[in-house]
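Visitor: Below: one structure in structure tokens.
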Amino acid sequence: MRKTKTSINQKRKLISILFILPTFLLLFLFIIVPILYGFKISFQNYNIAMPASTRTFCGLANYKSVLSNPDFRHSFSWTLEFVVIAVTGTVFLAMLLALALNSPKVKGFIGRLVKTAFILPMMLCPLIVANIWYIIFAPNYGLINSTLSRIQMSTISFFGDTFWARFAILSVEFWWGTPYVMIILLAALTTVPAELLESAALEGANKLQVFFHVTLPCISNFVVLVVSIRLMDALRMFDISYALTEGGPAKSTQTLAYFIYETGFKYLKVGEASAAAFLLFSMIIIITFLFLKITDKLVPTDL
Numbered sequence: 001m002r003k004t005k006t007s008i009n010q011k012r013k014l015i016s017i018l019f020i021l022p023t024f025l026l027l028f029l030f031i032i033v034p035i036l037y038g039f040k041i042s043f044q045n046y047n048i049a050m051p052a053s054t055r056t057f058c059g060l061a062n063y064k065s066v067l068s069n070p071d072f073r074h075s076f077s078w079t080l081e082f083v084v085i086a087v088t089g090t091v092f093l094a095m096l097l098a099l100a101l102n103s104p105k106v107k108g109f110i111g112r113l114v115k116t117a118f119i120l121p122m123m124l125c126p127l128i129v130a131n132i133w134y135i136i137f138a139p140n141y142g143l144i145n146s147t148l149s150r151i152q153m154s155t156i157s158f159f160g161d162t163f164w165a166r167f168a169i170l171s172v173e174f175w176w177g178t179p180y181v182m183i184i185l186l187a188a189l190t191t192v193p194a195e196l197l198e199s200a201a202l203e204g205a206n207k208l209q210v211f212f213h214v215t216l217p218c219i220s221n222f223v224v225l226v227v228s229i230r231l232m233d234a235l236r237m238f239d240i241s242y243a244l245t246e247g248g249p250a251k252s253t254q255t256l257a258y259f260i261y262e263t264g265f266k267y268l269k270v271g272e273a274s275a276a277a278f279l280l281f282s283m284i285i286i287i288t289f290l291f292l293k294i295t296d297k298l299v300p301t302d303l
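Laid out in structure tokens, this is it:
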């Protein structure tokens with residue numbers, strides 16, 4: 001009897017391994033192997049334009065070159081600014097929208113229509129979104145500037161001024177990134193026990209008190225989740241900057257991801273690009289880890 005149970009368990013384990021194996025192989029081939037190869041060439045003097053024979057081990061020279069590059073430091077600074085504004089902005093807007101759409105007044109066909117309208121931007125890839133918004137911000141034929149011209153007002157140089165270029169990128173990020181966060185928070189709001197909300201209302205709590213003392217603690221785990229996702233997304237933002245401003249003007253909207261792309265594909269310095277990529281990778285891991293560690297102590301676990 002024991003032998004039969006043991007053989008059945010072994011068969012189940014074997015079947016489980018066989019089901020997992022294809023996925024593991026794909027992950028190994030297309031994620032782990034490229035990461036290891038990229039880490040290897042980050043220590044090599046690797047330039048695509050040069051013969052393979054010139055590819056030699058250079059130690060930490062690529063990392064030193066990247067860290068001493070003023071463009072990298074500027075990209076690092078702007079990336080951090082972008083992360084803070086984009087993450088806090090999208091989560092705040094998403095929370096407001098989720099609370100509004102969770103209201104009993106937004107029900108039925110109209111409620112579903114409004115929710116669908118807010119979700120639509122999420123269905124588009126960032127490059128398409130950036131091109132759509134380029135038509136809005138374009139200097140001559142753009143929707144905003146053409147409207148300003150018609151009413152005899154001075155136009156705005158969205159791609160020629162640092163402030164307005166960053167404003168344009170953040171506007172696109174808010175429009176595209178908010179719906180995803182909103183969906184998760186909207187689903188989270190449905191998990192708040194109605195009894196707690198009713199008890200708070202009976203005790204005379206106003207809406208703000210109910211939100212901060214009842215609703216927010218109940219959905220805090222979901223908030224941590226969306227902030228973590230948005231942190232990782234914002235730190236590696238590339239496509240919107242590439243399609244909308246190409247890192248300009250004067251590289252003022254160049255993120256770390258754009259710096260890596262430009263170093264590797266424009267200047268063909270693959271070794272330095274790989275070094276910068278691993279610095280970004282390390283930064284994402286450290287920031288996300290610290291955020292989760294801090295919130296783990298703050299978020300209540302008994303709800």
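Numbering (full-length UniProt numbering), first residue to last: 1 to 303.
Positions of the beta carbon are idealized from the N, C-alpha and C atoms, including for glycine.
The structure displayed is predicted, hence computed values, not measured ones.
Just the C-alpha distance for Tyr134 and Tyr141, rounded to the nearest angstrom, thanks.
Guide: One C-alpha to the other measures close to 10 Å.
Visitor: State the CB to CB distance for the pair Leu185 and Val226, rounded to an integer number of angstroms; the pair is presumed to be in contact (CB under 8 Å).
Guide: Contact holds; Cβ gap of about 7 Å.
Visitor: For Thr295, which residues of its own chain have a beta-carbon under 6 Å away from its beta-carbon, when the five flanking residues on both sides are left out?
Guide: Around Thr295: Val224.
Visitor: Starting from the Cα of Leu244, find the closest Cα among Leu127, Leu96 and Ile8 and give me that residue.
Guide: Out of Leu127, Leu96 and Ile8, Leu127 has the C-alpha closest to the C-alpha of Leu244.
Visitor: Within 10 angstroms of its Cβ, does Asn131 collect 16 or more other Cβ (buried), or is it exposed?
Guide: Its Cβ having fewer than 16 others within 10 Å, Asn131 is exposed.
Visitor: Quick check on Lys251: does DSSP put it in helix, strand or coil?
Guide: In the structure shown, Lys251 sits in coil (DSSP, three-state: anything other than H, G, I, E or B).
Visitor: Please go through the same chain and pick out, in chain order, the residues whose beta-carbon is closer than 6 Å to the beta-carbon of Leu93, but skip the five residues on each side of it.
Guide: Cβ within range, chain order: Thr178.
Visitor: Going by Cα to Cα distance, which pick from Val172, Arg73 and Ser16 is closest to Phe259?
Guide: Taking only the C-alpha atoms, the option nearest Phe259 is Arg73.
Visitor: I think Val91 touches Arg236, with their Cβ atoms under 8 Å apart; what is that distance to the nearest whole Å?
Guide: That belief does not hold up - the Cβ atoms of Val91 and Arg236 are roughly 18 Å apart, past 8 Å.
Visitor: Identify, in the order they occur along the chain, each residue of the same chain with its Cβ nearer than 8 Å to the Cβ of Ser274, setting aside the five sequence neighbours on each side.
Guide: Once the five neighbours on either side are set aside, the close Cβ partners of Ser274 are Gly38, Phe39, Ile41, Ser42, Tyr46, Asn62 and Gly264.
Visitor: Identify whether Phe265 lies in helix, strand or coil by the three-state DSSP scheme.
Guide: Correct three-state label for Phe265: helix.
Visitor: Would you list, in sequence order, the uninterrupted alpha helix (DSSP H) runs of no fewer than 4 residues that lie entirely inside the segment 49-102?
Guide: List check, alpha helix (DSSP H) in window: 61-67 and 70-101.
Visitor: Under 7 Å, do Ile144 and Ile136 count as touching if we go by C-beta distance?
Guide: Cβ distance < 7 Å, so Ile144 and Ile136 count as in contact.
Visitor: What residue does the alpha helix (DSSP H) around Arg236 start on, and which one ends it?
Guide: Looking at the DSSP string, Arg236 is not in any alpha helix (DSSP H), and its letter there is neither H nor E.
Visitor: Buried or exposed: where does Met95 fall if 16 or more other Cβ atoms within 10 Å of its Cβ makes it buried?
Guide: Classification of Met95: buried, given that the 10 Å Cβ count is 16 or more.
Visitor: Please confirm whether Ala165 and Pro249 have their CB atoms less than 7 Å apart.
Guide: For Ala165 and Pro249, yes; Cβs fall inside 7 Å.
Visitor: Beta-carbon within less than 8 Å of Val87's beta-carbon, same chain only, minus the 5 sequence neighbours each way: which residues are those?
Guide: Only Val227, Arg230, Leu231 and Ala234 meet the Cβ criterion.
Visitor: Relative to the C-alpha of Tyr267, which residue among Ser7, Ala49 and Val33 is closest?
Guide: Of the listed residues, the one whose Cα sits closest to Tyr267 is Ala49.
Visitor: I'd like the list of long-range same chain contacts for Ile85, defined as Cβ closer than 8 Å, with 5 residues on each side in sequence excluded.
Guide: Cβ within range, chain order: Leu170.
Visitor: Mind checking which residues open and close the alpha helix (DSSP H) that includes Met182?
Guide: Met182 -> alpha helix (DSSP H) spans Thr162 to Leu189.
Visitor: Taking Cβ positions, are Ala100 and Leu189 nearer each other than 7 Å?
Guide: It is not a contact, given that the beta carbons lie outside the stated cut-off.
Visitor: With a Cβ-Cβ cutoff of 7 Å, do Leu256 and Ser75 count as a contact?
Guide: Yes, these two residues count as a Cβ contact at 7 Å.
Visitor: Taking the alpha-carbon positions, what's the Ile285 to Leu148 distance?
Guide: Straight-line Cα distance between these residues: approximately 44 Å.
Visitor: Looking at Val181: is its Cβ nearer than 7 Å to the Cβ of Ala200?
Guide: Contact flag unset, no.
Visitor: Taking only the alpha-carbon atoms, compute the straight-line gap between Phe211 and Ser68 and give it to the nearest angstrom.
Guide: Between Phe211 and Ser68, the C-alpha separation is close to 47 Å.
Visitor: If you draw a straight line from the alpha carbon of Leu247 to that of Ile287, how long is it in whole angstroms?
Guide: For the record, residue 247 in the displayed sequence is Gly; it is not Leu. Taking the straight line from one Cα to the other gives about 24 Å.
Visitor: Among Leu216, Leu120 and Lys11, which one has its Cα closest to the Cα of Trp176?
Guide: Taking only the C-alpha atoms, the option nearest Trp176 is Leu120.
Visitor: Measure from the alpha carbon of Thr253 to the alpha carbon of each residue in Leu290, Glu173 and Thr162, then state which is nearest.
Guide: The shortest Cα separation from Thr253 among Leu290, Glu173 and Thr162 belongs to Thr162.
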